[in-house]
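**Student:**
Chains as they are written, first to last, in the working numbering: chain Y, 41 to 153; chain L, 8 to 123.
Here it is as structure tokens:
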């Protein structure tokens, strides 16, 4: 059974700092990995999706990497802003035809102005 | 265009009541998913539809949970005889089937269910 772990569980940084959020998964047979943002009381906003054949994806100040062999993905946020404060979740889809996402518990990020 | 919508946004039920939660997916999306998110945790998969066919219901926690999507668009998640442990946010997501688009899932705002 796939297990997804996110470290750290919470992170507080000053505005302007570059930061890295970590995601690890136990079964490397993934189809893709998706990063989401969740604001309090809201649904999930898709940030980046990396297919298993890709190594990284970029969108604005966000860059996500994927290393299937080591079971790791990272989300890099450049020049953090207070508006980046949210919970960040990673989720994997298995390469077995099963379409369900397996989520980590998230990293709660606070960017201090 | 419009995203995934869910209703109601909040639901309070007395223990033992039945509830029905609605999801309207993005137009043209053939895949629809339901997830349950407990406080402080990541969402957990409940069930998946492709058009009107329920292809995976392995995540439904008990036979009190039932989902349907009779016409391949709107879906309803029904919980019978609600228990306090059913209190959670119920999230719906949809995705396009085309392989070129991968399996990117787009989520609705969720329904927060509180069982007293």
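Even glycine gets a Cβ: it sits at the ideal position worked out from N, Cα and C.
#1: Taking 9 Å as the threshold (C-beta atoms), are residue 42 of chain L and residue 121 of chain L in contact?
#2: Using DSSP with H/G/I as helix, E/B as strand and the rest coil, what is residue 92 of chain L?
#3: Specify, as a first and last residue, the run of the beta strand (DSSP E) that residue 75 of chain L falls within.
#4: Are residue 37 of chain L and residue 115 of chain L touching if we call contact CB-CB under 9 Å?
#5: Where DSSP assigns a beta bridge to residue 62 of chain Y, which residues make up the other side?
#6: Would you check if the distance between the CB atom of residue 59 of chain L and the CB atom of residue 32 of chain L is smaller than 9 Å?
#7: Taking all protein chains shown into account, decide if residue 58 of chain Y is buried (16 or more other Cβ within 10 angstroms of its Cβ) or exposed.
#8: Give every residue of the same chain whose Cβ lies closer than 7 Å to the Cβ of residue 29 of chain L, excluding the five residues on either side of it in the sequence, and list them in chain order.
#9: Taking its Cβ as the centre, do 16 or more other Cβ atoms sit within 10 Å of residue 140 of chain Y, making it buried, or is it exposed?
#10: Indicate whether at least one CB of chain Y lies closer than 9 Å to the CB of residue 139 of chain L.
**Tutor:** This is what the structure gives:
#1: Locating residue 121 of chain L in the second chain gives position 114, where the first residue counts as 1. Locating residue 42 of chain L in the second chain gives position 35, where the first residue counts as 1. No.
#2: As a position in the second chain, residue 92 of chain L is number 85, starting the count at 1. Here residue 92 of chain L sits in helix by DSSP.
#3: Within the second chain, the letter at position 68 stands for residue 75 of chain L. It spans 72-75 - the beta strand (DSSP E) in which residue 75 of chain L sits, taken as one unbroken run.
#4: Within the second chain, numbered from 1, the residue matching residue 37 of chain L stands at position 30. Within the second chain, numbered from 1, the residue matching residue 115 of chain L stands at position 108. Result no, Cβ atoms of residue 37 of chain L and residue 115 of chain L do not sit closer than 9 Å.
#5: As a working mapping, residue 62 of chain Y is identified with position 22 in the first chain. Note: residue 62 of chain Y sits in a beta bridge opposite Y:47 and Y:114.
#6: What you label residue 59 of chain L is simply residue 52 of the second chain in a count that begins at 1. What you label residue 32 of chain L is simply residue 25 of the second chain in a count that begins at 1. It is not a contact, given that the beta carbons lie outside the stated cut-off.
#7: The residue given as residue 58 of chain Y occupies position 18 in the first chain. That one is exposed.
#8: On the second chain, position 22 is the one that residue 29 of chain L refers to. Excluding residues within five positions, the ones whose Cβ falls inside 7 Å are 13, 14, 81 and 83.
#9: If you number the first chain from 1, residue 140 of chain Y lands on position 100. Buried.
#10: In the structure as shown, chain L starts at 8 and stops at 123, and residue 139 of chain L therefore has no counterpart that could be examined.
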